[in-house]
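*Asks:*
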Amino acid sequence: MNQNWIFILLLLGSFKTYAWGSLGHQVVCDISWRYSETFVRSMLLSVAKRMGYQTFAESCMWADHIKSKALYKDLKLLHYVNVSKNKGDVASSSCLLQKNNRNQKSKPQCIVTAIDYYQRRINNNELSQRQRDEAVLLIGHFVGDIHQPMHVSYKDDFGGNRRYVVFQGKRLSIHSLWDSDILYCGYKGGWRRLGQTLYQQSLKHSVLPQLSPTVWANESLAVTQKIYRYLPTKLPDSYCDQYHPVALRQLQLAGIRLSQLLFSQLLSPRP
């Protein structure tokens, strides 16, 4: 993660939204790819190539690659949802409360409503091919984001960006730790290897279809609450043992759920 960008974003009072980093996002989309039917793979590969990428996994970083462009400035709010520390679920967020006062065509204000919004655009034939392709890549990215606990967290410390810890001798924010460092606990490979490993492991456990972004957000919030319940400045050596498996499980869930969501949308064309 570029430390200069983190510094600039903090000065601007912005929320850093590079959830999972490139490894995590690519692993999520690789797992999704491995679960997908042949016709879905073909469609996803076509989308990726039209958008300038060689694989679907790599295309899932598009949402981060374009964040500095003025054309896409409205997307910055859509990588996360803020929740009050004294509330137990995401229904308390202003984004979800406002949702009831808007119609379905209104632009989303947070990650939960963004997933609902963009999945309806995937096969909306009233939109251009480019708009539909962008919707696919945004869904691929946002489903990864919503499973990163620090993207369902608290406004007062900018989603953990202003909560600093020392992890394995390095000072960094708890958000940055969960972006990437937690995934590299004892792991040195790339996204293909980790994606294959997590995919094969997931085949041993059944995961019931669950296509509710609100449910996903609440699951991530539960992890966030556990993380904050005991968060010393210097993290113990056991932190990897405790949370590395949690992070990998979140990647697995995100990949499986993304494949289910994309299958349901690509199988049901919209007028």
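So the sequence shown is numbered by the working numbering: it starts at 3 and just counts up by one. Cβ coordinates follow ideal geometry from the N, Cα and C atoms, glycine included.
Closest Cβ-Cβ distance between K69 and chain C: below 8 Å?
*Replies:* Checking the listed chains, one finds no chain C in this structure; it contains a single protein chain.
*Asks:* DSSP on Q254, reduced to helix/strand/coil?
*Replies:* As a first step, residue 254 must be located in the sequence shown, where it is residue number 252. DSSP places Q254 in helix when its eight states are reduced to three.
*Asks:* Here's the rule: buried if 16 or more other CB atoms are within 10 angstroms of the residue's CB, otherwise exposed. What is N84?
*Replies:* Here the question's residue 84 lines up with position 82 in the sequence shown. Per the 10 Å Cβ criterion, buried.
*Asks:* Tell me, which residues are paired with S175 by DSSP?
*Replies:* As a working mapping, residue 175 is identified with position 173 in the sequence shown. Bridge pairing for S175: Y166 [DSSP].
*Asks:* Roughly how many angstroms lie between the CA atoms of Y230 and C97, to the nearest whole one?
*Replies:* Within the sequence shown, residue 230 is the residue found at index 228, counting from 1. Within the sequence shown, residue 97 is the residue found at index 95, counting from 1. The straight-line gap from Cα to Cα measures roughly 22 Å.
*Asks:* The alpha helix (DSSP H) with F41 in it runs from where to where?
*Replies:* Walking along the sequence shown from the start, residue 41 turns up at place 39. F41 -> alpha helix (DSSP H) spans 40-52.
*Asks:* How is the alpha helix (DSSP H) around A72 delimited, first residue to last?
*Replies:* In the sequence shown, counting from the first residue as 1, residue 72 sits at position 70. Looking at the DSSP string, A72 is not in any alpha helix (DSSP H), and its letter there is neither H nor E.
*Asks:* Between V114 and P238, is the Cβ-Cβ spacing less than 8 Å?
*Replies:* Position 112 of the sequence shown, counted from the first residue, corresponds to residue 114. Position 236 of the sequence shown, counted from the first residue, corresponds to residue 238. It is not a contact, given that the beta carbons lie outside the stated cut-off.
*Asks:* Spatial neighbours of S61 within its chain, please: C-beta separation below 6 Å, excluding the five flanking residues on both sides.
*Replies:* Position 59 of the sequence shown, counted from the start, is the residue given in the question as residue 61. Answer for S61: A50, M53, Y55, L139, listed in chain order.
*Asks:* Do the CB positions of S222 and P151 come within less than 8 Å of each other?
*Replies:* Residue 222 sits at position 220 when you count from the first residue of the sequence shown. Residue 151 sits at position 149 when you count from the first residue of the sequence shown. Yes, Cβ-Cβ distance for S222 and P151 is below 8 Å.
*Asks:* Under 6 Å Cβ to Cβ from M63, same chain only, skipping five residues before and after it: list those, please.
*Replies:* By 1-based counting over the sequence shown, the position of residue 63 is 61. S24, H27, listed in sequence order.
*Asks:* F41: buried (16+ other C-beta within 10 angstroms of its C-beta) or exposed?
*Replies:* By 1-based counting over the sequence shown, the position of residue 41 is 39. Under this definition F41 is an exposed residue.
*Asks:* Mind listing, in chain order, the continuous alpha helix (DSSP H) runs of no fewer than 4 residues lying wholly within the segment 182-260?
*Replies:* Within the segment 182-260, complete alpha helix (DSSP H) segments of at least 4 residues are found at 193-204, 215-231, given in chain order.
*Asks:* Determine, using beta carbons only, whether L263 and V92 come nearer to each other than 8 Å.
*Replies:* For the purposes of this step, residue 263 is identified with residue 261 of the sequence shown, where counting begins at 1. For the purposes of this step, residue 92 is identified with residue 90 of the sequence shown, where counting begins at 1. Contact: no.
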